[in-house]
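A.B. asks: Could you have a look at this structure, given as structure tokens, before my questions?
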Amino acid sequence: MRIEQLNLIDFGMFHQFELKLDPSAQLIYGDNEQGKTTLLSFMLLMLYGDQGRDRKGQLTIRSKYQPWSGREMAGSLILTAKNHRYQIEKHFGKTFSKDTTEIIDLNTDEAVPLPPKMEVGEWLLDLNLAGFLKTGFIGQPGIFNNGQGQDDLTEKLVKNLTQSGDETVSANEVLARLAAASTDLRSKSGNKGQLVAAKDQLEQLQLARQATVARQTAQTEQVAQLQELSQQRQQRDQLQTKLQQDQQAQQSQQRQQLLQAIQANEQQIQALHALSFQPEQVPTILPKLQQLVQDAVAANQAAAVLTKVNGQNLSLPISEADYAATAKLQQQTEKIQQLQNFFQQELDPAAAQALQQQAAWRELTQQQKQLTEQLAPADQLRAQAEQLTTAQQQNLQQQQIHQDRLDRSQQHTAANSRTAQQAHKNNQQQKLLLGGGLLLLGIGLILVIVKIVFGYVLAGGGLLLAVISLLRRSTPNSLVSDADDFSEQKAALQELQAQALVLQQQAADLAPQLNQLKVTEQQLQQVVHQIQAAQPRLATAWDRWNTNLEQWQTQLANTDLQLPELTLATAALTELKNQLSLQLANCQQQLIQQLHAKQVADFTTYQVNYQLQQKDQVQQQQWHDLQKRQQTTQAALLAYYQQLGHTEVTNLTQAQQELATLTRVGQLYQTTQATVASQRQVTGIKASSAELAASLQQATTAARLTTEQRHQLQTQLKQFPTDLDDQWYQLQHQLQGFGRSVDEIDHDIHDLIETVNLLQTRYQSLTLAQTTLQQVIDERRKYFAPSLKEKAGQYLATLTNQRYQELLIPKSFALEVRDQGSYHEADYLSSGTADQAYLALRLAITNLLTNKAGQSSLPLLLDDILREYDDTRAANAFRFLKSQSQQHQLIMFTCHQNLADLAAKNGFVVRTL
Amino acid sequence: MTKIVQMSDVHLGFAYAGLTDRHRQQQRQQDLWQTFLNALAYCQKIDAQLLLIPGDLFDTPNPDAALVQDVQDAFRKIAPIKVVIATGNHDFAYAGSCWDEPQKWPANVHLFTGTWSKLDFPDWQITIWGAGFTAPYAKISLLKPVTPQTNHWQIGVLHGDAFTPESSPYDPLTAEQIANSGLNWLALGHIHKRIQNQVGATAYAYAGTPEGHGFDEQGPKGVLVLDFIPGQTTPTVTFQPLAQRQYEELSVDLTGLNSNSEAAAKIETMLAEKYGPDYQRHLYKIHLTGALPTTALITEAGLTAQLSVFDLRLRNETHLAIDYQQLAQLDTLAGNFTKKVLAKIDQAHNDQEKAQAQLALDLGLRAFQEDLTNAH
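Residue numbers (our numbering), protein chains in the order written: chain A, 3 to 915; chain B, 293 to 668.
In structure tokens, the structure reads:
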């Protein structure tokens, strides 16, 4: 497309302003505020309608360029596109919808309709506004370096192009929309997405269905259980009905019995009335009458009995004094007899025993005394024996001394040594025997002294040993001393041996006395033993005697008897015995005399006679009392009858007859009344006889169960569980919780499955669209990115006179230029070089995008893009741009005079505003 | 001639939980009750002698006591019309159930709540046989053969499954059983769709539910009127629509339409043509099809807002009005994408894959133009 002419009828500062354009390349020059931007905006508005806000984002172009004349904004273009020459006329209303566009094919002078919802630029350039701004419009240099190191517009452009090759929409945006839609199905605003929610709901429904099916299966069992329980309940109810019927029959029977009892009671009431008694009086009158009659009869009977016993006469009257004196004699006689019996049976034997023991004791003590006297010289004899023993011991010691001396003398003689040793040995034995014998003798004597029999044995043994030693010592010693000392010693020894024999003879003389002494001591010991044995017997006898004596004195104290003092002496005992017999005889004699006086044989008869006499007197008094009582009771009885209105009763017999009748009727009345009360209490029936009779007429007569039958029914009834009803109601309750039916759930499942399938298909389709689109993006990137790099590199080389030949567009979109074998980010190059790189990139993009078959060439609107260039670079740029004019119509704007000059030199048509 | 009305699977007490709106649920429950009453009134209107209800009168085996009372009262009011009810799998009889108290049911109501038994109407020369469910399942057939009688109608009332007897736990009824039943007519319940058939000498029919419960029960619903004419072996059957509302499913082509209002107008026109001026009372599931211009602004939400019907469920199956083949020729991202997806459509192994790829193409191209999350 190439624009031939602009006609700004009314647009901003312009009114009826025409500007013819060169189809190749031109530079529109003008100072600031001369309308360059207004012309640029006019062209954009003519091609694409409303432009939205300006670069500052404040006013729309429509509002910004309202005609200063106040007329309607309008204008026209003449252009060539798609081999046609068109005139585009536009009238701009207040809003986009008020705009009118007219297209006239100047070749045919016919109006050409613009397709609906399509702008002129879209129709002629196959490019929407966004696409045109990214390709056909190149802004001022320096925008690329906007302080952030990147140009947003270029970034988006490059991004889109490198990724998708489509300038109108970001491939990522499309992917994002698909992904968002896909995500939307899974989750939305933190909640479950439609698909997930539907699946969850479906799962829940299916679970609910399973649960419902399971519940229905369970219900089948529950129904069966319920049926069984119902049968059991029915059976139980039948049993209960039978029992109830029986109970009802029982109640009927009870009512019948009660009615009968009431009727019987009423009969008795009538009978009581016939007897002129009120039924309610019976409980009080009857006992009272009975008591009165009983009292009267008893009084009569008692009087009759006393009448029979009265009048008995005794042979001799016994006065109280007589009886007391006689009784005293009797008592005294009995006491004397008791004392006599006690004396004979207890006291006398005890006295005899005590006397016997006392005599035995005295005899033993006498013997002890005599034997003790016999043992008086014992001490002297034992002293003598002790002296003898001492002398013998001393003699033996001296003999030993002399023997030792003899032994030493013998040591000098070797020949006699064995003999001497033998002698010495013998002497030793002798000494030992003698010493032992004497020791034993001494001990024995000591023991004898202390009255131990073993002492005698020891003494005897010791004496025997001493004798043996002396006998051995008497054996001649054949030792011969060869020294004088030996002889002396031998003589002394012999002398001592002779003395020992004398002492031995003296001891033998003393032995018989010692033996006699020993026998006496033994006798004394025996007596002592007997005394010791007699002591307890004597004590026992004395205790018995003393005890009996005390009893005797006690018994005696209860009597008036005067008896001699009792002592433990035979004479005293005899005297007392005689006194007892004598006093007993006296008492008995006096008693017999008393009894004879009353002509009785014994005291018992006397006593009976006396008691009979006393009783008779009492009965006499009683008879009188009874006579009086008889009259009183009968009077009271008749008075009571009178009080009751029964004046016909005038004596006891009539009263008794009347009472008998009343008692019979009253008792029957009370019995029947008690029966009625009892039955009412037991049965709880309170109905009257009339009510009972009425109910019994209506009652059906059912046969009563036998006790056994009732027991059987009750046993059967007990076999049913007590919680049968609870079980039944529980099952009923469980069956009530049916919830939703399977069919209903199936309805929902059916609908939900359809929804899930739709959403699932949508989800899968979105996924498929995403993956396919991603594949396309990848493929296009492989194709477009290298082409863009190559073309931009070529343009950069031309613009920089081959200084820089390669341009890299990394994913960060920070342009990098290759210099001396390595890449440098454009930001780090000079601003002029960066602008050259930017221009190269934009033109490369534009050419790549507009180099499509059938696509109209694009007019390039270049807004002062070289103002940062120095003259050399600007001249290069103009040359390069001029080369592009074969492909694109170039419409360049600037406010710099030097650029206008350079443009003119490089083949640009320069128009000045 | 004896006139009998057959009505089954009313499912009184059905909650209509599938409807998300509570008010619409309540309205549908009222509709169901009204249809039931209308059916009874219709029996009176045509002077029917008998009303046969072969099961699932109630939706649950333990319906609300007030509902049971209302039903009993309603039956009482149509006396002397005899009402014969056989319990179904939904309202099976059990100890303590509402059927377990016969004294509470009006004298003109006879219940089949157990094994196969009969009820004689000698004046009409009719014997009605029947059996009832006593549990959620009846895996063994409840139908027993009877002896045919000349000039005497043998009619069966039963809830059962005559379509999948080989696997159904709901009183399976084989064709052979029905043929050998000895019945002139077998009034069946359980299948909610109206079906009529004859095997051997026995004709049978499902009246279907008188009021639909969901979109799987579409079309007119009502009761069957059976005219037992002397001399005929089977009754003359007439369908009487009674449903308050219908469930309907249809497709509407929106090709070339640009806005919701255009689409709504077209749909309303079509509904009015198909279902009459009273079309708004029904429930619809509409599949939106056709090619929409790329600039069309039609959304399900916008369309739903403009369509005034009782209940509406839209299925958007439209696609963009784009010459895909021409677009595929362009060397642009969209062109390349179109070309690639068209290849997938051609290579699809089945219709599902094809439809999925077609939708992917449509969604992909829409994504070049708009945010898909707000589109539908």
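Every residue gets a Cβ at the ideal spot worked out from N, C-alpha and C, and that includes glycine.
Tell me whether Gly-506/B sits in a helix, a strand or coil according to DSSP, three-state version.
C.D. replies: Taking the first residue of the second sequence as position 1, residue 506/B is located at position 214. It is coil, neither helix nor strand.
A.B. asks: Does the CB of Asp-780/A have a neighbour CB from chain C at under 8 Å?
C.D. replies: Checking the listed chains, one finds no chain C in this structure; the protein chains it contains are A and B.
A.B. asks: Tell me which residues share the same chain as Phe-880/A and place their Cβ nearer than 7 Å to its Cβ, disregarding the 5 neighbours each side in the sequence.
C.D. replies: Indexing the first sequence from 1 puts residue 880/A at position 878. Within the same chain, and ignoring the five residues on either side of Phe-880/A in sequence, the residues whose Cβ sits closer than 7 Å to its Cβ are Leu-904, Ala-905, Asn-908, Phe-910.
A.B. asks: Under 6 Å Cβ to Cβ from Ala-266/A, same chain only, skipping five residues before and after it: list those, please.
C.D. replies: Working through the first sequence from its first residue, we reach residue 266/A at position 264. These residues qualify, in order along the chain: Thr-674.
A.B. asks: From the DSSP secondary-structure annotation, give me the bridge partner or partners of Phe-413/B.
C.D. replies: Counted from its first residue, the second sequence places residue 413/B at position 121. Phe-413/B pairs with Ile-418/B.
A.B. asks: Kindly indicate if chain A contains any beta-carbon less than 8 Å away from that of Tyr-354/B.
C.D. replies: Translated into the one-based positions of the second sequence, residue 354/B becomes position 62. Note on residue identity: the sequence assigns Asn, not Tyr, to residue 354/B. Yes, contact with chain A.
A.B. asks: Please confirm if Gln-229/A has its CB atom under 8 Å from at least one CB of chain B.
C.D. replies: The sequence position of residue 229/A within the first sequence is 227, counting from 1. At least one chain B Cβ lies under 8 Å of Gln-229/A.
A.B. asks: Taking the DSSP output, what are the residues bridged to Glu-91/A?
C.D. replies: Along the first sequence, one-based indexing puts residue 91/A at 89. Paired residue(s): Ser-78/A, Glu-104/A.
A.B. asks: Suppose you measure from the CA of Lys-520/A to the CA of Leu-373/A; what does that come to, to the nearest Å?
C.D. replies: Translated into the one-based positions of the first sequence, residue 520/A becomes position 518. Translated into the one-based positions of the first sequence, residue 373/A becomes position 371. Cα to Cα, the separation comes out at about 11 Å.
A.B. asks: Is Pro-143/A close to chain B, meaning its C-beta is less than 8 Å from at least one C-beta of that chain?
C.D. replies: For the purposes of this step, residue 143/A is taken as residue 141 along the first sequence, with counting starting at 1. Note that Pro-143/A scores a pLDDT of 47, beneath 50, so its modelled location is shaky; the value from the coordinates is reported in the next line. It does not: the Cβ of Pro-143/A has no partner Cβ on chain B nearer than 8 Å.
A.B. asks: Could you run through the segment 175–195 of chain A and flag, in chain order, every residue whose CB is less than 7 Å away from some CB of chain B?
C.D. replies: Within the segment 175–195 of chain A, the residues whose Cβ lies closer than 7 Å to some Cβ of chain B are Val-176, Arg-179, Leu-180, Ala-182, Ala-183, Asp-186, listed in chain order.
A.B. asks: Going by DSSP, what residue range makes up the alpha helix (DSSP H) through Trp-445/B?
C.D. replies: The residue given as residue 445/B occupies position 153 in the second sequence. Element bounds for Trp-445/B: not the alpha helix (DSSP H) but the beta strand (DSSP E), 445–451.
A.B. asks: Would you report the Cα separation of Gln-716/A and Leu-733/A, rounded to the nearest angstrom?
C.D. replies: Along the first sequence, read from residue 1 onward, the residue named residue 716/A stands at position 714. Along the first sequence, read from residue 1 onward, the residue named residue 733/A stands at position 731. Cα-Cα distance, rounded: 26 Å.
A.B. asks: Counting only C-beta atoms, is Phe-660/B closer than 8 Å to chain A at any point?
C.D. replies: As a first step, residue 660/B is located in the second sequence; it is residue number 368 there, counting from the start. Interface flag for Phe-660/B against chain A is set, since a Cβ pair is found closer than 8 Å.
A.B. asks: Indicate whether at least one CB of chain B lies closer than 8 Å to the CB of Gln-246/A.
C.D. replies: By one-based count along the first sequence, residue 246/A stands at place 244. Closer than 8 Å: no.
A.B. asks: Please check the pair Val-529/A and Gln-370/A, which I expect to be a contact at CB under 8 Å, by giving their CB distance rounded to whole angstroms.
C.D. replies: On the first sequence, residue 529/A is found 527 positions in, with the first residue counted as 1. On the first sequence, residue 370/A is found 368 positions in, with the first residue counted as 1. With a Cβ gap of about 5 Å, Val-529/A and Gln-370/A count as contacting.
A.B. asks: Given this structure, state the Cα-to-Cα distance separating Gly-347/B from Leu-599/B, to the nearest angstrom.
C.D. replies: The sequence position of residue 347/B within the second sequence is 55, counting from 1. The sequence position of residue 599/B within the second sequence is 307, counting from 1. Gly-347/B and Leu-599/B: Cα-Cα distance of roughly 37 Å.
A.B. asks: Does the CB of Pro-346/B have a neighbour CB from chain A at under 8 Å?
C.D. replies: Locating residue 346/B in the second sequence gives position 54, where the first residue counts as 1. Cβ-Cβ to chain A under 8 Å: no for Pro-346/B.
A.B. asks: Strictly under 8 Å for the Cβ-Cβ distance: is Lys-119/A near chain B by that measure?
C.D. replies: As a working mapping, residue 119/A is identified with position 117 in the first sequence. Interface criterion met: the Cβ of Lys-119/A is under 8 Å from a Cβ in chain B.
A.B. asks: Provide the residue span of the alpha helix (DSSP H) that contains Leu-575/A, from first to last.
C.D. replies: Walking along the first sequence from the start, residue 575/A turns up at place 573. Start and end: 572–599.
A.B. asks: Could you give the DSSP three-state label for Glu-20/A: helix, strand or coil?
C.D. replies: Counted from its first residue, the first sequence places residue 20/A at position 18. DSSP places Glu-20/A in strand when its eight states are reduced to three.
A.B. asks: From what residue to what residue does the beta strand (DSSP E) around Arg-607/B run?
C.D. replies: Counted from its first residue, the second sequence places residue 607/B at position 315. First-last of the beta strand (DSSP E) with Arg-607/B: 603–608.
A.B. asks: May I ask whether a heavy atom of the ligand MG can be found less than 7 Å away from the beta carbon of Ala-210/A?
C.D. replies: No copy of the ligand MG occurs in the structure displayed, which carries no ligand at all.
A.B. asks: Measure the alpha-carbon distance for Ile-578/B versus Leu-604/B and round it to whole angstroms.
C.D. replies: As a working mapping, residue 578/B is identified with position 286 in the second sequence. As a working mapping, residue 604/B is identified with position 312 in the second sequence. Each residue's alpha carbon lies about 7 Å from the other.
A.B. asks: Could you tell me whether any Cβ in chain A is nearer than 8 Å to the Cβ of Phe-507/B?
C.D. replies: Residue numbering aside, residue 507/B sits at position 215 when the second sequence is read from its first letter. Yes, Phe-507/B lies at the interface with chain A (some Cβ there is under 8 Å from its Cβ).
A.B. asks: So if I threshold CB-CB distances at 7 Å, which residues from the segment 741–764 of chain A count as touching chain B?
C.D. replies: Arg-742, Ser-743, Glu-746, His-749, Asp-750, His-752, Asp-753, Leu-760, Thr-763, Arg-764
A.B. asks: Could you tell me how far apart the beta carbons of Leu-435/B and Leu-450/B are, in whole angstroms, since I believe they sit closer than 8 Å?
C.D. replies: Looking up residue 435/B in the second sequence gives position 143. Looking up residue 450/B in the second sequence gives position 158. Confirmed, Cβ separation roughly 6 Å.
A.B. asks: With 16 other CB atoms within 10 Å as the buried threshold, where does His-505/B fall?
C.D. replies: As a working mapping, residue 505/B is identified with position 213 in the second sequence. It counts as buried.
A.B. asks: Check whether the Cβ atoms of Val-297/B and Leu-343/B lie closer than 8 Å to each other.
C.D. replies: Taking the first residue of the second sequence as position 1, residue 297/B is located at position 5. Taking the first residue of the second sequence as position 1, residue 343/B is located at position 51. Closer than 8 Å, so yes.
A.B. asks: My output table needs one value for Thr-556/A: the three-state DSSP class, helix, strand or coil.
C.D. replies: Along the first sequence, read from residue 1 onward, the residue named residue 556/A stands at position 554. It is helical.
A.B. asks: Please report the distance separating the alpha-carbon of Gln-322/B from that of Ala-535/B.
C.D. replies: As a first step, residue 322/B is located in the second sequence; it is residue number 30 there, counting from the start. As a first step, residue 535/B is located in the second sequence; it is residue number 243 there, counting from the start. Each residue's alpha carbon lies about 12 Å from the other.
A.B. asks: For Pro-464/B, count neighbouring Cβ atoms within 10 angstroms of its own Cβ and tell me buried if that reaches 16, exposed if not.
C.D. replies: As a position in the second sequence, residue 464/B is number 172, starting the count at 1. The residue is buried, with at least 16 neighbouring Cβ atoms inside 10 Å.
A.B. asks: Note down the Cα distance separating Gln-609/A from Ala-599/A, rounded to an integer number of angstroms.
C.D. replies: Within the first sequence, the letter at position 607 stands for residue 609/A. Within the first sequence, the letter at position 597 stands for residue 599/A. Going from the Cα of Gln-609/A to the Cα of Ala-599/A covers about 14 Å.
A.B. asks: My guess is that Tyr-576/B and Ser-300/B are in contact by the Cβ rule of under 8 Å, so how many angstroms apart are they, rounded?
C.D. replies: On the second sequence, residue 576/B is found 284 positions in, with the first residue counted as 1. On the second sequence, residue 300/B is found 8 positions in, with the first residue counted as 1. At roughly 26 Å, the Cβ-Cβ gap does not stay under 8 Å, so Tyr-576/B and Ser-300/B are not in contact.
A.B. asks: Taking a cut of 8 Å between CB atoms, which residues from the segment 414–432 of chain B lie near chain A?
C.D. replies: Result list: Thr-426, Ala-427, Pro-428, Tyr-429.
A.B. asks: Can you name the residues of chain B whose CB is closer than 7 Å to the CB of Gln-777/A?
C.D. replies: Along the first sequence, read from residue 1 onward, the residue named residue 777/A stands at position 775. What Gln-777/A touches in chain B: Lys-632.
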